[in-house]
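Numbering (my numbering), first residue to last: 616 to 871. One structure is given below, encoded as C-alpha cells.
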DNA sequence: ATGCCGTGGAAACCACGA
C-alpha cells in the first residue's frame, strides 16, 4: 500500500502534472497540499476519471488540502485541526482508509520570524502535538503526511548556515519536530535512509533545481505500531523536472 | 543578501510562498 504526499502548488493550475503523476505512480493514497482553490473548484471530475475518490478542504487563493484514495473509500474523521475555533485556514484533513487513519496537513510557513505568522506556526504545531496525543491514545495506526514546512536537521538542507534565521529551520520549529519523533512518531524517510541527503523542495529561482539546492520539508510520519510494516520510501524527484512543475516533489512510503 | 519565479484573484497590481 503506497501512501504519498504532494504539495501541488495550485491543483487546477498544475492539474496536468498531478494526473500524469497519479497515472505513473498509482499511489493508493495521495495527500495533497496547497490546492489554492475554493471548495467548489476542486477538479473532482478529473480526479474521479483518473480512478480516485477524494475528500478535500478548499480555500480561496491559498492553502487547501485533499486526500485521494484508490479502490477504497475515505471516511472523513476531521476537517480542521482542533484547538482554535477562530482558525479559518484550510490546512488539515483526516480520514480512515483501509484501517489506517490518514492525516493530511499543511503546516504554516511562518515567515517572517519573529512575527505574528511565526507565532501562528508555533501555535499550530502546539495544537498538532495535542491532536497527535489524542490519536496516539486512540490506538489507531496513523500515517501523518504533508508539507511540514520544517527542515528537521542540518542534513536536510543544502546550506544550513543560510537558513538559521528562517521559520523553516528556527530552533523552536526543529524542536517541535524532534518532540514528535521523541514521542514515538517515525520519520519514515529517515528510518529507511538515515544517511542520505534527501530533498523534497527546490525554489523556482536561483536555479535551485539545477543546482540541487533543496530542502527536505515534506514528511511522512508513522505511529510506532506501523514501523514493522514500513517496506519502502522515496521521493519522485523527476516530477520536479517536468514542465510547469510544482516547487515540491512527491514523497511516498510503502506499507506491507 | 536578495522573492530573481510562480500562483490566484482582482485589476493591470497585490498577497503569498520558503
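Think of the CB as a built atom: it goes at the ideal place given N, C-alpha and C, for glycine as much as any other residue. Bear in mind that the values here come from a model prediction, so they are computed numbers and not experimental data.
Just to confirm, is the Cβ distance from residue i to residue j under 8 Å?
i           : j           : result
residue 833 : residue 636 : no
residue 718 : residue 837 : no
residue 715 : residue 694 : no
residue 830 : residue 814 : yes
residue 618 : residue 870 : yes
residue 798 : residue 742 : no
residue 740 : residue 722 : yes
residue 720 : residue 761 : yes
residue 665 : residue 638 : yes
Roughly how many angstroms separate the alpha carbons of residue i and residue j, rounded to a whole number?
i           : j           : result
residue 701 : residue 735 : 12 Å
residue 668 : residue 781 : 37 Å
residue 660 : residue 633 : 14 Å
residue 823 : residue 778 : 15 Å
residue 672 : residue 730 : 27 Å
residue 696 : residue 746 : 8 Å
residue 630 : residue 650 : 10 Å
residue 706 : residue 725 : 13 Å
residue 848 : residue 808 : 9 Å
residue 764 : residue 772 : 12 Å
residue 628 : residue 653 : 13 Å
residue 756 : residue 684 : 17 Å
residue 767 : residue 842 : 19 Å
residue 859 : residue 821 : 16 Å
residue 642 : residue 840 : 22 Å
residue 819 : residue 866 : 19 Å
Should residue i go down as buried or exposed, given a rule of 16 or more other Cβ atoms within 10 Å for buried?
i           : result
residue 750 : buried
residue 677 : exposed
residue 863 : buried
residue 880 : Examination of residue 880 is not possible in this model, given that the chain is present from 616 through 871 alone.
residue 686 : exposed
residue 810 : exposed
residue 728 : buried
Indicate the three-state DSSP secondary structure (helix, strand or coil) for residue i in the structure shown.
i           : result
residue 769 : helix
residue 816 : strand
residue 748 : helix
residue 838 : coil
residue 634 : helix
residue 662 : helix
residue 804 : helix
Output needed for residue i: all residues of its chain with C-beta closer than 6 Å, excluding positions within five of it in sequence on either side, in chain order.
i           : result
residue 647 : 621, 623, 681
residue 828 : 773
If I measure Cβ to Cβ from residue i and keep anything under 7 Å in the same chain, skipping five residues before and after, which residues do I get?
i           : result
residue 812 : 770
Can you name, in chain order, every residue of its own chain whose Cβ lies under 8 Å from the Cβ of residue i, other than the five neighbours on each side?
i           : result
residue 625 : 649, 650, 651, 652, 861
residue 692 : 709, 710, 711, 716
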